[in-house]
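S.K.: Below: one structure in structure tokens.
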Amino acid sequence: MNALAVPLQLVPEVGVPGILSTLVIVVLAIVVARVVLSIALRVAVVAAVVVGILWFFGLLRFIPFL
18 MNALAVPLQL VPEVGVPGIL STLVIVVLAI VVARVVLSIA LRVAVVAAVV
68 VGILWFFGLL RFIPFL
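In terms of my numbering, the sequence shown opens at residue 18 and continues consecutively.
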């Protein structure tokens with residue numbers, strides 16, 4: 018066995034540090050997911066507005082390539 022190899026811990030630590038670190042990781046994942054979802058929602062709204070404007074200009078023949 019390699020001296021630098023670290024064995025994988027299959028049984029989680031049940032003590033207070035293990036529980037607290039798990040809670041911190043879960044909270045961080047939720048916060049990051051909310052931020053990413055918020056940004057994605059704004060991008061989707063802007064994209065929908067741009068598509069709507071291009072479609073409207075296309076109806077009026079203002080944009081020749083549409």
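Ideal Cβ positions, reconstructed from N, Cα and C, are used throughout, including at glycine.
(1) When you compare only the Cα positions, how much space is there between residue 67 and residue 55?
(2) Express the C-alpha separation of residue 62 and residue 50 in angstroms, rounding to a whole number.
(3) Return the chain-ordered list of same chain residues with a C-beta closer than 7 Å to the C-beta of residue 69, the five sequence neighbours on each side being excluded.
(4) Rounded to the nearest angstrom, what separates residue 44 and residue 60 at their Cα positions?
M.R.: In short, the structure shows the following:
(1) 19 Å
(2) 18 Å
(3) none
(4) 25 Å
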